[in-house]
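Quick note: the sequence shown uses the working numbering, first residue 418, plus one each step. Virtual Cβ for every residue (Gly too), placed ideally from N, Cα, C.
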Amino acid sequence: MDMTDSEREFWRGMRALTMTTEGHEAFVGLDPGESETFLDLTRRNESGEDMNGSQLYLTLREKHEAARQAIVKGEAELDA
């Protein structure tokens, strides 16, 4: 994904990024296309645009966060 080294370091530290079996970087729980969309929406949210009204953002965030929490709890592996 097109992100800065500091963004990548932050997301890896949060156990939020993984490599797919095809070798693509993605947010855990999301496919590469969803990950690009989620990254864009997250950046917009962090820059002050309230994305909580976006059903797509909320759906992707919920899907990603459920998978990330499973990793944090040791119920799932980080990388495929």
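By alpha-carbon distance to Lys490, the top candidate from Phe427, Arg432 and Trp428 is Arg432. When the beta-carbon positions are compared, Ala484 and Gly446 come within less than 8 Å of each other. Taken in chain order, the complete beta strand (DSSP E) segments of 3 or more residues contained in the stretch 421-486 are 434-436 and 442-444. Taking C-alpha positions only, Ser423 is separated from Glu442 by approximately 15 Å. Classified as buried, Arg478 has 16 or more neighbouring CB atoms from the shown chains inside 10 Å of its CB.
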